[in-house]
Each structure stands twice: as structure tokens, then as C-alpha cells.
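Remember, the working numbering sits 6 above the position in the sequence shown when you count from 1.
The beta-carbon is built from N, C-alpha and C at its ideal position, and this holds for glycine as well.
I have placed the structure first, in the form of C-alpha cells, so that the comments after it can refer back to it.
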Amino acid sequence: MITLTNRQKEIIIRLIKSSEPVTAEWISRDLSVSDRTIRNEINKMKNECNSFGIEINSIRGKGYQLKVINELLFQEKSPLLFKQDDLLSDHFESQDNRVRYILQRLLLVGNFIKMEKLQEELFVSSTTLKNDLKLVYKKLKQFNLSYVSRPHYGKKVEGDEYNKRLCLSNSALDNNNGFSKVEDFFHFLDANLFRKIKETIIDTVNNYDFTLSDFTLGNLTTHITIACKRIEEGYFVEPLNISMTANDIIAKNVADNIIQKVEDITGLKFPASESEYILAHLLGTKLLYTLDGISSATISIIVDKIIEKLKEVYDWDFHYDLEFIQGLSTHLGPVMNRLKYGMNIHNPLLNEIKTKYPFAFEGAIIASKCIEDYLNKKIGEHEISYIATYIGAALERMEDISKKKVLIVCATGMGSAKLLYYQLQKLFKDKMEIIDTISHYKLSRYSLDGIDFVISTVSVSMDLNIPVITTNLLLEDNDIERIKYQFSTFKDTLFTLIDPARVFIHQKLKDRESVIQFLCDELGKQKLVSEDYAELVLKREELSSTYYGNFIAIPHPIIPQTNKTFWTICTLKEPIPWNNQNMVQFVCLLNIDKDTDEDLKIMYEQLVALVKSNSTVQQLVKSDSVAEVIELLTEPIEP
């Protein structure tokens with residue numbers, strides 16, 4: 007019989023929680039015993055650990071680390087190590103998980119729930135629960151829902167059934183683990199039913215020879231599982247009155263097929279309004295969609311407006327990028343159906359897109375305003391992030407087109423020319439396109455139309471009206487640096503963005519609004535912005551937070567407003583909350599020239615590098631010198 011003391015179980019639990027080695031001293035402080043006691047306990051239970059499919063290794067100078075040596079045995083025996091309450095308690099240490107739980111609890115239970123009951127279930131104090139409920143209330147408001155309170159009864163959600171389901175599905179999908187099992191986030195739904203419905207959708211889709219992403223599959227499964235739960239409890243959606251056309255036949259057939267199979271599995275009967283509910287979600291996917299009341303001509307008009315606006319604001323010309331036009335047009339069909347029926351979509355890569363491709367994300371915000379103007383419906387940042395992927399790809403293609411065109415001149419034959427060619431390709435393949443390789447004697451008769459500069463292994467005395475870089479056949483460091491100079495003037499570009507008069511260090515400000523107001527007031531004193539500039543910056547925050555991670559926020563207006571491009575820098579004495587739980591200590595107010603046609607790539611690449619560099623951010627927020635802050639921001643940043 008396997009026997010472990012409670013203390014030994016506690017030791018194992020702490021080792022399981024840590025991915026790094028843990029010292030006996032650290033565990034001893036946590037359990038209020040001596041480190042010698044911990045070492046003795048570990049030695050005593052080494053043989054017992056094998057019975058659980060685990061072993062505890064002692065790593066010299068680092069501590070102890072637990073390793074699973076038999077996955078199946080560990081899964082079988084782990085319930086003997088910790089109770090379900092232990093797991094739930096750990097799960098509810100995160101406020102996000104608690105808020106998600108409370109939402110699902112309130113939405114799926116028709117009756118009032120006492121707050122004392124929620125406290126017991128969540129293992130939290132009344133103060134913590136009150137703070138969590140503030141976020142729950144905000145979430146409910148997004149879906150036109152509210153909760154009412156009655157003395158001695160508790161709280162209960164009120165609102166339209168359709169909106170309740172949208173809020174429920176959003177709570178399941180609104181997490182950073184985009185491809186985790188959605189059923190793991192439901193404590194109140196039948197996981198077995200979820201799996202059966204998923205299999206049903208896969209079978210139906212395969213029968214119609216369609217393809218869908220894992221995430222779309224999870225999304226559809228979630229909506230249908232929620233529908234089953236609500237129908238079972240006697241709650242039904244109102245008719246959606248979807249305008250059916252001849253083009254909707256396939257979508258209707260797929261929906262009917264899925265519903266028939268789900269009815270067979272559950273024994274439930276889906277009324278017509280619930281069939282429309284499933285159809286609406288199918289129309290909101292790329293699996294198949296018809297433009298419910300939206301003509302393809304309308305989408306073409308919207309895409310044209312997006313292209314015009316991006317040209318006007320950022321000077322990006324996508325008029326001739328057919329891949330962008332076709333891709334975005336196809337994407338907008340499901341988007342407009344989702345917005346029409348108030349459906350949500352989740353992008354698990356949202357934060358990564360915002361951090362790594364901020365320029366594309368800002369362009370997507372401009373694009374989303376064009377769609378909002380047509381539908382008069384607000385677009386969330388998850389939808390915006392998907393649009394950003396199309397813009398990002400178009401920008402990459404544009405960059406390929408704008409590669410520097412280079413001519414190689416070599417006097418020692420094609421073999422040597424090829425050697426130089428491959429060196430350049432390895433170093434600069436993303437920045438240059440080698441148009442041709444010629445001998446020196448041919449240079450005087452060669453057309454240089456479209457050539458940006460020449461790289462030559464021999465001295466060129468004639469005036470070509472374009473830069474000529476003379477290099478060694480085997481490129482040396484100084485050769486590489488001179489070639490790099492042709493691609494960017496990195497430091498000069500960044501220096502023009504930062505003025506000591508616009509760098510504010512160790513400010514004592516309490517929240518996002520006060521930081522933005524302070525910086526805009528300072529710019530107002532310098533006659534650089536209009537009186538309503540702070541209001542315009544805060545409007546951008548309403549669309550999507552400009553928190554990018556690593557204690558950094560980069561606020562800015564939606565549309566460029568200033569007469570030149572520059573940064574306004576602020577470091578804070580203490581981190582402040584920027585949105586929900588995200589803390590910020592470094593702020594770069596981004597001010598873009600409203601009439602610019604300059605290439606801002608260097609600027610955005612530096613900001614992305616900054617977000618990735620913990621060490622640089624730490625240096626910035628600790629620095630007492632404006633000059634040092636400027637120096638740190640204008641030097642190349644290593645992650």
C-alpha cells in the first residue's frame with residue numbers, strides 16, 4: 007500500500023509546481039519546518055515516489071527537481087497526492103480564472119447565487135470577490151447584460167438569452183491558451199458532450215469536403231455545447247430572422263445536418279430559432295459563408311475605402327496588391343456576418359501581433375473604422391488583430407518590392423563574382439536585390455536605371471550619379487559597415503525623434519489617464535499639439551489598450567495629428583495599472599506627422615526591440631539622467 011504523510015505530499019506538490027530546481031531551504035520556509043527536515047522527508051519517500059511514476063533528483067548547488075518517469079502511472083496515482091480542492095485553489099489564484107468562473111456560474115445558473123457561496127467555491131475573501139465582481143460587471147456590460155442583487159438571495163444576471171450565450175462563449179475563449187481544450191475552462195458543462203459535438207462537426211465538415219481551423223472547430227463546438235445546456239434548462243434564443251437566399255442552401259444543409267446529429271446524441275429538440283442560431287455561427291466562419299444581406303459590391307467598396315485611408319494616413323499603397331485585396335475581401339464576409347449577429351471571435355495570437363507587428367495593428371485599427379462606419383457596430387481588438395495579419399503580409403510584400411537594387415562589378419571573373427554574390431546574399435538577402443554581376447569594362451555602357459548603388463571589387467573613377475562602394479572580394483568588417491550605411495541611418499533617425507525637453511523621468515502619476523493628460527499638457531505648453539490631443543489619445547485606448555508588455559505602453563491618437571514625428575518619453579517612479587492587471591512604468595507617447603511619407607520602419611523596429619528587452623527597460627526606469635535615457639533609446643537594442 008502506498009503511504010505518504012501530508013508533509014511529504016506538500017513537498018511533492020511544491021516540486022510539481024516549479025519548473026526549476028527548488029532548494030530545501032525554500033520549501034522549509036513555506037512549510038514552517040527546518041531545511042534538514044525537508045531533506046530527511048525527501049530521502050524517506052524516494053522509494054514511494056517510484057510507485058507514483060515520479061522521482062526526485064538532487065541537483066548539486068541548485069536543489070531538488072521532480073521528474074515524471076511514467077506518465078500513465080502518474081496520471082493514475084496523482085489523485086492520491088492532492089485533492090480536487092487543491093487543484094481548484096491553485097486555479098483560482100489567477101484573477102482571470104476567477105472572473106471567468108464567476109461569469110460562467112452566474113450565466114449558467116438561472117437562480118440567485120449568494121456571495122458567501124462564491125467565496126467558498128473560490129477560496130477568496132469578500133474584498134477579493136468584490137474586486138472580481140467589478141470586472142465581471144464590466145464584462146457583462148460589453149454584452150448588454152447586468153446583474154441584480156436581492157438581500158438574502160444574492161446576485162443574478164439579467165438580459166437577452168442570445169447575449170448571455172455570447173458572453174459565455176467569450177469567457178471560454180478569452181484566454182491566452184488559444185489552442186488549449188476549451189472544455190478545460192468550463193466547470194459547469196459536460197466535457198463528454200463537448201467531445202461528441204466536436205466529432206459530429208468534424209464528420210459533417212468532412213462529408214461536405216470543407217476545411218476549418220482547430221480554433222474555428224473549438225469555437226463552433228463551444229457555441230453548440232452552450233446551446234444544448236441552455237435548451238435543456240428551458241432557455242431559448244429569440245428568432246434572428248436571417249435573410250435566406252439561394253446561396254444559403256449549403257450553409258443551411260450543414261447546419262441542419264449538425265443539428266440532427268446533436269439531437270440524436272442529446273435527445274433534445276432544437277426549435278427553429280435555435281437552428282438559426284447555429285446557422286448564424288456557421289455564416290461567421292470561413293468554412294462557408296454567404297453574405298447575409300451584404301453584397302460583394304459593398305465589400306469591394308469597403309476594401310477600397312480601407313486602401314484609400316491607409317494611403318492617406320500611412321502612405322501605404324495597396325491598390326495593386328491583388329493578394330491583399332482578395333484576401334481581405336474574403337475575410338470581411340465572415341467578419342461582417344459576425345458583427346451583424348453580435349458574435350465574438352478570439353485570436354490566440356492577439357498579444358503577439360500587437361507586440362511584434364505594431365505598425366500593422368495600427369493600420370488594422372484604421373481599417374476597422376472603415377467597417378464600423380458602414381455597419382455602425384464597434385469592432386473588438388481580436389477582430390482587428392486578424393485584419394492586421396493581412397496588412398502585415400502586404401507590408402512584407404511591399405518591403406520586398408522596395409529592396410535596394412544593387413549592381414556588382416568584379417574584375418576577376420565569374421567565379422570571384424559568385425563568391426561576392428553569395429556573401430552579400432547571406433548578409434543582406436532581406437535588404438538588397440542583386441540585379442546583375444558585370445565586369446568593370448562593361449560598366450560605362452551599362453544602363454543604371456533603377457540601380458540604387460554599385461558594389462565593386464575594383465576602384466571606379468567615372469561619375470555614375472549613384473553611390474559606389476569599393477570592397478574586398480572577401481568582405482571585411484569595414485566593408486560590411488559601409489554597405490549597411492546605405493540601408494539606414496539608424497542613430498540619426500532615432501535622434502530626430504527625441505528631444506530632452508520631451509523626456510520626463512521618475513514621474514509620480516497614479517493611472518493611465520493622468521499620464522496621458524500630463525504628457526499632452528506638456529506638449530501643449532510647447533505648442534506641439536491641439537487642446538483636444540489627450541482626448542484623441544484616450545479614444546485610441548478605448549479601441550484597444552496600447553500596453554505592449556514588459557511594463558511598456560505606447561499611447562497615440564488613431565489618426566496622426568502633429569506636424570512632425572517625435573516621441574514623448576515618461577518613466578514612472580512606481581509601476582501603475584494601465585489596463586486591468588497590466589502594470590506600466592515606461593511610456594512612449596507616439597506622435598506621427600499627419601502629412602508624412604517618411605519610412606518609419608526603423609522607429610517601429612526599435613520599439614519592438616525595446617518591448618523584448620527586459621534589461622533595457624530596467625535601465626530606463628532606473629535611470630536618473632535624461633541624457634542616459636536618450637542614449638539607451640537611440641542605440642541598437644539587444645533582446
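Excluding sequence positions up to five away, which residues of its chain have a Cβ less than 6 Å from the Cβ of residue i?
{"i": "N556", "result": "V617 and V623"}
{"i": "E164", "result": "S152 and V154"}
{"i": "D190", "result": "Residue placement at D190 is flagged as unreliable, the pLDDT there being 46, under the threshold of 50; the coordinate-derived value follows with that caveat. The answer is none, since no qualifying residue turns up."}
{"i": "G456", "result": "K411"}
{"i": "V593", "result": "V521, A559 and C576"}
When we look at the beta-carbon of residue i and count the other beta-carbons within 10 Å, is it buried (16 or more) or exposed?
{"i": "A423", "result": "buried"}
{"i": "E487", "result": "exposed"}
{"i": "E405", "result": "exposed"}
{"i": "G386", "result": "buried"}
{"i": "S631", "result": "exposed"}
{"i": "F149", "result": "buried"}
{"i": "N117", "result": "exposed"}
{"i": "L226", "result": "buried"}
{"i": "F501", "result": "exposed"}
{"i": "M609", "result": "buried"}
{"i": "E16", "result": "buried"}
{"i": "N471", "result": "exposed"}
{"i": "Q266", "result": "exposed"}
{"i": "S131", "result": "exposed"}
{"i": "I208", "result": "exposed"}
{"i": "T463", "result": "buried"}
{"i": "G224", "result": "buried"}
{"i": "N353", "result": "buried"}
{"i": "R66", "result": "exposed"}
{"i": "L480", "result": "exposed"}
{"i": "L78", "result": "exposed"}
{"i": "R156", "result": "exposed"}
{"i": "P724", "result": "The structure shown does not extend to residue 724, since the chain spans only 7 to 645, so no value can be given for it."}
{"i": "R451", "result": "exposed"}
{"i": "Q110", "result": "buried"}
{"i": "E368", "result": "buried"}
Using C-beta distances below 7 Å, list every residue in its chain close to residue i, excluding the 5 sequence neighbours before and after it, in chain order.
{"i": "Q90", "result": "With a pLDDT of only 48 at Q90, under 50, the local geometry of the prediction cannot be trusted, and the value read off the model is given with reservation. Once the five neighbours on either side are set aside, Q90 has no close Cβ partner at all."}
{"i": "K570", "result": "D599"}
{"i": "A507", "result": "Q532"}
{"i": "Q612", "result": "L500 and I643"}
{"i": "M51", "result": "L10 and Q14"}
{"i": "Y427", "result": "I414, I440 and T443"}
{"i": "I62", "result": "L21, I48, K52, C55, Y70 and L72"}
{"i": "Y363", "result": "A394 and G398"}
{"i": "P581", "result": "F557, M589, V590 and Q591"}
{"i": "A417", "result": "S445, H446, T463 and V464"}
For the putative contact between residue i and residue j, defined by C-beta atoms under 8 Å, what is the C-beta separation to the nearest angstrom?
{"i": "R13", "j": "D36", "result": "No, R13 and D36 are not in contact; Cβ-Cβ is about 11 Å, not under 8 Å."}
{"i": "T206", "j": "I264", "result": "6 Å"}
{"i": "S335", "j": "I305", "result": "5 Å"}
{"i": "L274", "j": "I308", "result": "The Cβ separation is near 39 Å, so there is no contact."}
{"i": "V543", "j": "H562", "result": "6 Å"}
{"i": "I565", "j": "V319", "result": "6 Å"}
{"i": "L578", "j": "L515", "result": "6 Å"}
{"i": "S34", "j": "T43", "result": "7 Å"}
Take residue i and list the residues in its own chain whose beta-carbon comes closer than 8 Å to its own, dropping the five residues that flank it on each side.
{"i": "V28", "result": "R20, L21, G69, Y70 and Q71"}
{"i": "A366", "result": "I359, A394, T395, I397, G398 and L401"}
{"i": "W32", "result": "G69"}
{"i": "I203", "result": "T227, I230, T231, C234, V268 and I271"}
{"i": "V466", "result": "V415, H446, L449, V460, V474 and T476"}
{"i": "N183", "result": "Residue confidence is low: N183 scores 42 on pLDDT, short of 50, so the model does not pin down where it sits. No coordinate-derived value is stated."}
{"i": "C526", "result": "V535, Y539, A540, V543 and L595"}
{"i": "V142", "result": "V105, I108, L109, L112 and Y153"}
Does residue i have its Cβ less than 9 Å from a Cβ in chain D?
{"i": "T29", "result": "The structure shown contains no chain D; it holds only a single protein chain."}
Checklist entry - Going along the chain, which unbroken runs of the alpha helix (DSSP H) with 4 or more residues stay wholly within the region 57-85? => result 77-83
Next on the checklist: For the pair the region 361-378 and the region 236-244, tell me if three or more CB-CB distances fall below 8 Å.
Outcome noted: no
Item to check | the region 129-136 touching the region 162-178, judged by at least three CB pairs closer than 8 Å | outcome: no
Checklist entry - Taking the runs of the alpha helix (DSSP H) that are 4 residues or longer, which of them lie wholly in the region 103-143? => result 121-128
Checklist entry - If we count Cβ pairs, one from each stretch, closer than 8 Å, do we get three or more for the region 336-347 versus the region 584-593? => result no
Checklist entry - How about the region 195-214 and the region 326-341: do they share at least three Cβ pairs that are nearer than 8 Å? => result no
Next on the checklist: Could you check whether the region 549-565 touches the region 470-482, counting it as contact only if at least three pairs of C-beta atoms, one from each stretch, sit closer than 8 Å?
Outcome noted: no
Checklist entry - In chain order, which continuous runs of the alpha helix (DSSP H) of length 4 or greater are located wholly inside the region 197-247? => result 197-213 and 220-238
Checklist entry - Which parts of the region 599-626 are runs of the alpha helix (DSSP H), unbroken and 4 residues or longer, counting only runs that do not cross its ends? => result 607-618
Item to check | Every unbroken alpha helix (DSSP H) within the region 509-575, with a cutoff of 4 residues, ordered by chain | outcome: 518-531 and 539-549
Item to check | Continuous beta strand (DSSP E) assignments of at least 3 residues falling wholly in the region 471-496 | outcome: 474-476
Checklist entry - Whole alpha helix (DSSP H) runs in the region 404-443 with 4 or more residues, listed along the chain? => result 420-434
Checklist entry - At which residue ranges does the region 24-54 contain complete alpha helix (DSSP H) runs of 4 or more residues, listed in the order of the chain? => result 30-37 and 41-50
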